[in-house]
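In my numbering, the protein residues as written are 12 to 286. Okay, so here's the structure we're looking at.
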Amino acid sequence: MSKVQNLEDGHIESRDLSSHAIIAGLRSDFWKKIICYESVDSTNEFALALSLKSPESRTVIIADSQAKGRGRLGRVWVSPPGRNIYMSAVLIPEIELRDVTFLTVAAALACASALRSKTGLIANIKWPNDLMARGKKIGGILTELRSGHDKIKFAVVGIGINVNSGGEDFPEELGHIATSVKEETGRYYSRSGIVAEVLNELEQRYEKLINEGRFPLLEEWRILSSTIGKRVRITLCTEVLSGLAEDIDKEGMLVLKLASGERRRISAGDLTELR
Ligand code: BTN
Numbered sequence: 012m013s014k015v016q017n018l019e020d021g022h023i024e025s026r027d028l029s030s031h032a033i034i035a036g037l038r039s040d041f042w043k044k045i046i047c048y049e050s051v052d053s054t055n056e057f058a059l060a061l062s063l064k065s066p067e068s069r070t071v072i073i074a075d076s077q078a079k080g081r082g083r084l085g086r087v088w089v090s091p092p093g094r095n096i097y098m099s100a101v102l103i104p105e106i107e108l109r110d111v112t113f114l115t116v117a118a119a120l121a122c123a124s125a126l127r128s129k130t131g132l133i134a135n136i137k138w139p140n141d142l143m144a145r146g147k148k149i150g151g152i153l154t155e156l157r158s159g160h161d162k163i164k165f166a167v168v169g170i171g172i173n174v175n176s177g178g179e180d181f182p183e184e185l186g187h188i189a190t191s192v193k194e195e196t197g198r199y200y201s202r203s204g205i206v207a208e209v210l211n212e213l214e215q216r217y218e219k220l221i222n223e224g225r226f227p228l229l230e231e232w233r234i235l236s237s238t239i240g241k242r243v244r245i246t247l248c249t250e251v252l253s254g255l256a257e258d259i260d261k262e263g264m265l266v267l268k269l270a271s272g273e274r275r276r277i278s279a280g281d282l283t284e285l286r
């Protein structure tokens, strides 16, 4: 683990991110611990290691920067200091393993809703869980879990949102596909305020998932999906498919209609929206 400094007391160099300010913005006592660090390798890795020792549901790990931030499909998540949100929420949900997708969906919907209320930005969701603004990626979710005997031991829901990054912060190859709240709105935002709102919104959707099941989230996901109705190309392990993204089904799979008329249900892959 790289330089780790516990900033639980709020002594953070970046003044717009502190656990005190985040806690002040929470609407309930659902979240039990909010811990901010200056730098960790990855908040997901940190939360996983912590939970393997003693899993504490409703704990949130946040870092000002990550040395080895990770994204989906083994990618690197660019995580410079002083700019963006890198956070991981530990949850121990009493749901079936097959519903775990909907934890990720709950987080993506929470981020979209928080961005809208805090910054006015309209974000939508590219299947499966990329947070998009005007066709560019503004955030992403990576859920990792440990389970046994068909039961979830704990889940770590990792959330990355590009808040105050400028174009110069993105590596050249990401420049045309990534964006930030600042790039989209022309304004800098306090990260604590957005983190608190993401947690408020996540709490609400998490409770919904536990109490009412996946369907309310599925409905909201379909509404916020940028993918449904588009022509798409999906790269899978052994093939590349193109077709019309017709729907997201009740398992969270993408229903793809191929040129032949055949329908394929895709559980995961790297998707590009063509138009
Ligand atoms: C994606 O590829 O879209 C998922 C990106 C998830 C990034 C976040 S940042 C906080 C948490 N810690 C990590 O190492 N990754 C997730």
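By construction, the Cβ of each residue, glycine as well, lies at the ideal position given by its N, Cα and C atoms.
Checklist entry - Cα-Cα, which of SER253, THR130, SER201 is closest to GLU195? => result THR130
Next on the checklist: Any heavy atom of the ligand BTN inside 7 Å of the beta-carbon of TRP232?
Outcome noted: no
Checklist entry - Quick one: is TYR199 buried, meaning 16 or more other Cβ sit within 10 Å of its Cβ, or exposed? => result exposed
Item to check | ILE188: first and last residue of the uninterrupted alpha helix (DSSP H) it sits in | outcome: Note, ILE188: premise wrong, no alpha helix (DSSP H); not H, not E.
Item to check | Own chain partners of ILE136 with C-beta closer than 6 Å, once the 5 adjacent residues on each side are dropped | outcome: ALA119, LEU235, SER236
Next on the checklist: Using only the alpha-carbon positions, how far apart do GLU223 and GLU230 sit?
Outcome noted: 12 Å
Checklist entry - Which of helix, strand or coil does DSSP assign to LEU54? => result Checking the displayed sequence, the identity of residue 54 turns out to be Thr instead of Leu. Correct three-state label for THR54: helix.
Item to check | Close beta carbons around LYS162, own chain, < 8 Å, minus the five adjacent residues each side | outcome: LEU108
Item to check | ASN175 Cβ short of 7 Å to the ligand FMN heavy atom set | outcome: Ligands in the displayed structure: the ligand BTN; the ligand FMN is not one of them.
Item to check | Same chain, Cβ closer than 7 Å to ALA189, five either side skipped, listed in chain order | outcome: LYS147, LYS148, ASN173, PHE181
Item to check | Integer Cβ distance of GLY169 from ASN95, believed to fall under 8 Å | outcome: So it is not a contact: roughly 13 Å between Cβ atoms.
Checklist entry - So what's VAL89 in DSSP terms, helix, strand or just coil? => result coil
Item to check | Closest residue to LEU210 among ARG86, ALA32, ASP110, ALA100 (Cα-Cα distance) | outcome: ALA100
Checklist entry - CB of TRP88 to nearest heavy atom of the ligand BTN: below 7 Å? => result yes
Next on the checklist: Need the endpoints of the alpha helix (DSSP H) that GLY204 sits in, please.
Outcome noted: 202-223
Item to check | Nearest-angstrom beta carbon gap, TRP42 and ARG81 [assumed within contact, 8 Å] | outcome: Contact doesn't hold; Cβ gap of about 23 Å is too wide.
Checklist entry - What does ARG157 pair with, by DSSP beta-bridge criteria? => result PHE165
Next on the checklist: Give me the residue from PRO104, GLY254, ASP281, LYS241 with the minimum Cα distance to ARG225.
Outcome noted: PRO104
Next on the checklist: What does the alpha-carbon distance come out to for the pair HIS22 and SER29?
Outcome noted: Only weak support exists for where HIS22 lies, its pLDDT of 41 falling under 50; the coordinates are left without a value.
Checklist entry - Buried or exposed: ARG202, going by 16 or more other Cβ atoms within 10 Å of its Cβ? => result buried
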